[in-house]
Amino acid sequence: MVNNNTADNGMGRRTYLGGVAASAALGLAGCVGDGGSDSGELEVLHGWTGGDGADAVDALTTAFEEEHSDVESNFQPVGGDGNVELNTKILQRLTNSNPMSSFANWPGNNLERYRGGLMDLEEDVWEAEGYKESIQDRAIDYCTFNDKMPAVPLGSHRMNNLFYNTTAFEEAGVDAESLDSVSDFLDALDTIDRETDYTPFAHGMRAPFLGLQTWAQILTSQSGVDAYMDFIEGNGDRDAIIDALETLREIQENYINADASSIGYTTAAQKIIGDADEPSDAACIHGGNWLYGMFRGDDSFNYGEEWNWAPFPGTEGIYFYHIDAFVAPGSNPSREQTITWQKFVGTKTAQIEFNNLKGSVPLRTDIDPGELTDFLAMTYEDLTDSEAYPPTIAHGLAVEPEAMNDCKSAIGNHFMGPYDAEAAADGLLDAVSQ
Numbered sequence: 007m008v009n010n011n012t013a014d015n016g017m018g019r020r021t022y023l024g025g026v027a028a029s030a031a032l033g034l035a036g037c038v039g040d041g042g043s044d045s046g047e048l049e050v051l052h053g054w055t056g057g058d059g060a061d062a063v064d065a066l067t068t069a070f071e072e073e074h075s076d077v078e079s080n081f082q083p084v085g086g087d088g089n090v091e092l093n094t095k096i097l098q099r100l101t102n103s104n105p106m107s108s109f110a111n112w113p114g115n116n117l118e119r120y121r122g123g124l125m126d127l128e129e130d131v132w133e134a135e136g137y138k139e140s141i142q143d144r145a146i147d148y149c150t151f152n153d154k155m156p157a158v159p160l161g162s163h164r165m166n167n168l169f170y171n172t173t174a175f176e177e178a179g180v181d182a183e184s185l186d187s188v189s190d191f192l193d194a195l196d197t198i199d200r201e202t203d204y205t206p207f208a209h210g211m212r213a214p215f216l217g218l219q220t221w222a223q224i225l226t227s228q229s230g231v232d233a234y235m236d237f238i239e240g241n242g243d244r245d246a247i248i249d250a251l252e253t254l255r256e257i258q259e260n261y262i263n264a265d266a267s268s269i270g271y272t273t274a275a276q277k278i279i280g281d282a283d284e285p286s287d288a289a290c291i292h293g294g295n296w297l298y299g300m301f302r303g304d305d306s307f308n309y310g311e312e313w314n315w316a317p318f319p320g321t322e323g324i325y326f327y328h329i330d331a332f333v334a335p336g337s338n339p340s341r342e343q344t345i346t347w348q349k350f351v352g353t354k355t356a357q358i359e360f361n362n363l364k365g366s367v368p369l370r371t372d373i374d375p376g377e378l379t380d381f382l383a384m385t386y387e388d389l390t391d392s393e394a395y396p397p398t399i400a401h402g403l404a405v406e407p408e409a410m411n412d413c414k415s416a417i418g419n420h421f422m423g424p425y426d427a428e429a430a431a432d433g434l435l436d437a438v439s440q
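Numbering-wise, the working numbering comes out as the position in the sequence shown, counting from 1, plus 6.
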């Protein structure tokens, strides 16, 4: 079993939503500033607790410790379910005036949950290391918040991927690269269902962000990038939103694994790979390219041979944008050590060591693609050359934490069986219009 930062740890729907709601409800305004003592120990929290995530962060921290052996460091995994546990721990620590040195998190609108509690790294890190010239402008924008630069980006995941088992598609006579629309995709799923013994679409529904992120791809494919952008800006087309939900319902009612309601994405993705005890029994899965980080850990499941990928049908030329970063709190307990760490996060060494194992790509502009794996070298080129970069809604960039939580609640309450497309659409629209 391959685990990741959104591991399948048995957390139910209500617990998941409650954890997100608790995180979003806390506020930090006025709690901490840019001052602080210097304990001498670098304490860093992150959410990569198993599998490829653990391997990637181990490579990152080992490289740091080798380069900065004089820094006493303490790297702590706090894992599970889309950063819910990590965010809760961070907010508890910050509101109790017990900040850590740095923590892994999503930048962009996600930083709203830490408003008033972040350190400004612009002068000591960004300007000192010249990162404004060597990191992509889009990432710079997302790492700027409340007139500060409290974060340094580590890597980017593309969200609009369809990963597929080549044997299943060949057996069904389906050409993944020819799927130009959601209609084509539904026809392909139906063909796989009729012509093979594979489950057409591997899916996990235990956490509602999985349905939310798939719905976002469907909306974009059926109605265009502008329809998605209008939605996250609070001007969504209700009919288009319902149409996308109805398509998601068709997929979930007819083409997914029978245990979808009780599993998360790692268990779903394992159905594509299979293992010695349970051979592969699913044809494809949608997800961020962290799934590549899972697949690469299996020496018998090789890119271009046993598995391949295509853009989610109808999203060719689009890079659905997601970022991982490290963020520094204000009143920092180890200011100098934190600055040393945040500088390291932006280096070529850090970004290559971490991303090659995690399945994400560096955000520096001066990376030699030859230093990345073949799949990631291709993704790095897409990161720089795509036509549009809509921000992910399920991972903190597109909307503020409370709205993101409410979007997940709309899916969790109305679209994980039984299905109510109109109620889910109203919940989604209400979430982004506040």
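Heads up, the beta-carbon is just placed ideally off N, CA and C, and yes, glycines get one too.
Taking all protein chains in view, the Cβ of asparagine 104 is surrounded by fewer than 16 other Cβ atoms within 10 Å, so the residue is classified as exposed. Using a 10 angstroms sphere on the CB of proline 285, the tally of other CB atoms stays under 16, which defines it as exposed.
If one requires a minimum length of 4 residues, the alpha helix (DSSP H) runs lying completely within the stretch 379-428 are 380-391 and 407-420, in chain order. Taking the C-beta atoms as reference points, lysine 364 is found no nearer than 8 Å to phenylalanine 215.
With a cutoff of 8 Å on beta-carbon distance, isoleucine 278 and asparagine 411 are scored as not near each other. About 28 Å separates the beta carbons of leucine 435 and serine 162, which is beyond the 8 Å limit, so they are not a contact pair.
When the Cα atoms are used, isoleucine 399 and alanine 409 turn out to be separated by approximately 9 Å. Excluding the 5 residues flanking it on each side, alanine 427 has same chain C-beta neighbours closer than 6 Å at Ile248, Leu251 and Glu252, in chain order. Minimum Cα-Cα distance from aspartate 374 among the listed residues Phe381, Tyr386 and Leu117 corresponds to Tyr386.
Excluding sequence positions up to five before and after aspartate 58, its CB lies within less than 8 Å of the CB of Val8, Asn10, Trp296, Gly299, Met300, Arg302, Gly303, Leu363, Lys364 and Gly365, all in the same chain and listed in chain order. Taking C-alpha positions only, aspartate 243 is separated from serine 439 by approximately 12 Å. In this structure alanine 331 is in contact with asparagine 111, their Cβ atoms being roughly 6 Å apart against a cut-off of 8 Å.
The shortest CA-to-CA distance from leucine 51 to any of Lys349, Asp196, Phe109 and Ser75 is the one to Phe109. For glutamine 82, no alpha helix (DSSP H) encloses it; the enclosing beta strand (DSSP E) starts and ends at 78-83. Per DSSP, the unbroken beta strand (DSSP E) holding threonine 205 starts and ends at 205-207. Cβ-Cβ distances below 6 Å link aspartate 130 to Ile345 in the same chain, with the five nearest sequence neighbours on each side left out; the list follows chain order.
The continuous alpha helix (DSSP H) containing glutamate 91 extends over residues 90-101.
DSSP assignment within the stretch 259-311 yields the following whole beta strand (DSSP E) runs of 3 residues or more, N-terminal first: 288-293.
By the Cβ-count criterion, threonine 355 is exposed, with fewer than 16 other Cβ atoms from all chains shown falling within 10 Å of its own Cβ. By the Cβ test, the stretch 64-73 is in contact with the stretch 347-361, since at least three Cβ pairs between them sit closer than 8 Å. When secondary structure is reduced to three states using DSSP, isoleucine 373 falls in the coil class, being assigned neither helix nor strand. The three-state secondary structure of phenylalanine 169, taken from DSSP, is strand. CA-to-CA, the gap between serine 79 and glutamine 343 works out to about 9 Å. Arginine 121 carries a coil assignment under DSSP once its states are collapsed to helix, strand and coil. Between valine 158 and leucine 127, the C-beta gap is smaller than 8 Å, which places the two residues in contact. According to the DSSP secondary-structure assignment, lysine 154 is paired through a beta bridge with Phe151.
Here tyrosine 327 carries a strand assignment [DSSP, helix/strand/coil].
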